[in-house]
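Let me begin by presenting the structure, written as structure tokens, before commenting on it.
Numbering (my numbering), first residue to last: 1 to 386.
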């Protein structure tokens, strides 16, 4: 008999994801804070690129900690430190090394939480319903990508950036409190040592999934961090309609099609999903035409909503069970590596050729993920029939 998916532990995990995700999603407006301090698009790209680079470098250690010390302990530490990481921004009034240091610390903790959330969720999901479970769990977090920036813009407009950072810290503290209720199973043994661990993961099939995830991260990062400053340059008062449409589409797609993700061959989902993300980024070039901001959010959200659960499920499926935490950490690191590569380039392109040129080039680059998954479909082993 198949184990149930929608358990009390699963819904607690979703609540932790929503509250912690609100603090992380509000940080998508960080470029506006950099602008307030006098920073350019290049400065935004360099700050976030450095933060994401540190996050990627730390991710293998996060995976090791998840597998060795257990999900609950890592979640508690990461949530608590995440709340504290917003406080230094209250004292920063100019660009400089202290802003860089605060950004790096926050991004490392962001990455640790991202990996911890999805590793814990994977523990709770029956193998036969893995994509469905990750889709629903991810929808809880995706909800925050619409609510977080929307709330953040209102808080900034009415009370300023200090209230904004304090609000984000408050959500992180709430997530920390909910984590105390986590009934986590014992940590999986990470026997075999570092050499054995990496040998077990050094598989071409997993590497192709990670490469596709790097491309995915580049496209999503461009949408998340550069839409807000682009709308301001165009004289649009809010970027929130893009994020709201993005999140709503992703959530509806995951909830309505959640069971199909485990039944449909994964490449039949991943290939058109990459096409959607590329098309959505290209649509942003048409701003400020009426309706384009919402339409671009819908198309990008459709791609993201179906793609990430499939990539996550493939990564776990292609790694040894005892290394699930490390596999998910590598997957999230691959997504952030896309941000590391893409953020400085996006900032430089925005300065050099403008935001429209930048979004057009990133949209075309994202189609590279479509190619990776097409190759993977051609050479990946087929499951046995019957």
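All C-beta atoms in this analysis are idealised placements derived from N, C-alpha and C, irrespective of residue type, glycine included.
Worksheet item: Are residue 397 and residue 33 touching if we call contact CB-CB under 7 Å?
Response: Beyond the ends of the chain as shown, which are 1 and 386, falls residue 397; an answer cannot be given.
Worksheet item: In its own chain, which residues sit with a C-beta less than 6 Å from the C-beta of residue 375, not counting the 5 before and 5 after it?
Response: None.
Item to complete: For residue 156, I'd like the list of residues in its chain whose CB is within less than 6 Å of its CB, leaving aside the five on either flank, ordered along the chain.
Response: 164
Item to complete: Given a cut-off of 7 Å, decide if residue 249 and residue 301 are closer than it, judged by their beta-carbon atoms.
Response: Their beta carbons are under 7 Å apart, which means residue 301 touches residue 249 by this criterion.
Worksheet entry | Nearest to residue 37 (by Cα), restricted to the options 128, 107, 363, 96 | 96
Worksheet item: CB residue 169 to CB residue 86, shorter than 7 Å?
Response: yes
Worksheet item: Can residue 19 and residue 174 be called in contact, C-beta distance under 7 Å?
Response: It is a contact, given that the beta carbons lie within the stated cut-off.
Worksheet item: Given a threshold of 16 other Cβ atoms within 10 Å of its Cβ, counted over all protein chains shown, does residue 211 qualify as buried or as exposed?
Response: buried
Worksheet item: Thinking C-alpha only, which one of 358, 276, 79 is nearest residue 369?
Response: Nearest C-alpha to residue 369: 276.
Worksheet entry | The alpha helix (DSSP H) enclosing residue 294, as first and last residue numbers | 292-317
Practice prompt. For residue 239, collect the residues of the same chain with a Cβ closer than 6 Å to its Cβ; drop the 5 residues on either side in sequence, then sort them by chain order.
Written response: 227, 228, 231
Practice prompt. Return the chain-ordered list of same chain residues with a C-beta closer than 7 Å to the C-beta of residue 366, the five sequence neighbours on each side being excluded.
Written response: 215, 218, 219, 274, 277, 278, 281
Practice prompt. For residue 266, count neighbouring C-beta atoms within 10 Å of its own C-beta (all shown protein chains included) and say buried if the count is 16 or more, exposed if not.
Written response: buried
Practice prompt. Specify the secondary structure class of residue 329 as computed by DSSP and reduced to three states.
Written response: helix
Item to complete: May I have a chain-ordered list of the alpha helix (DSSP H) segments no shorter than 4 residues that lie completely inside the stretch 204-249?
Response: 204-233
Worksheet item: What do you get for residue 126, buried or exposed, if any count of 16 or more other CB atoms within 10 angstroms of its CB means buried?
Response: exposed
Worksheet item: What are the boundary residues of the alpha helix (DSSP H) that includes residue 3?
Response: From DSSP, residue 3 is part of no alpha helix (DSSP H); its letter is neither H nor E.
Practice prompt. Ignoring anything shorter than 4 residues or poking outside the stretch 93-143, list the alpha helix (DSSP H) runs there in chain order.
Written response: 97-124
Worksheet entry | DSSP three-state assignment for residue 191, whether helix, strand or coil | Because residue 191 sits at a pLDDT of 46, beneath the cut-off of 50, its placement in the model cannot be relied upon, and the point is left open.
Fill in: Buried versus exposed call for residue 288 [16 or more other C-beta atoms within 10 Å across all chains shown]
Looking at its Cβ environment, which holds fewer than 16 other Cβ atoms inside 10 Å, residue 288 is exposed.
Discussion item. Please state whether the Cβ-Cβ distance between residue 140 and residue 17 is less than 7 Å.
Written reply: yes
Fill in: Residue span of the alpha helix (DSSP H) that contains residue 173, given as start and end
161-179
Worksheet item: Can you name the start and end residues of the alpha helix (DSSP H) that residue 285 belongs to?
Response: Looking at the DSSP string, residue 285 is not in any alpha helix (DSSP H), and its letter there is neither H nor E.
Worksheet item: So, residue 143 versus residue 9, is the Cβ gap smaller than 7 Å?
Response: no
Worksheet item: Looking only at C-alpha atoms, which of 105, 40, 98, 133 sits nearest to residue 351?
Response: 40
Discussion item. Please state whether the Cβ-Cβ distance between residue 293 and residue 242 is less than 7 Å.
Written reply: yes
Practice prompt. Measure the CB-CB distance between residue 341 and residue 133 and report whether it falls below 7 Å.
Written response: no
Practice prompt. Could you tell me which of 151, 129, 337 sits nearest to residue 263, measuring between CA atoms?
Written response: 129
Worksheet entry | Assigned secondary structure, residue 253 (DSSP; H/G/I helix, E/B strand, else coil) | helix
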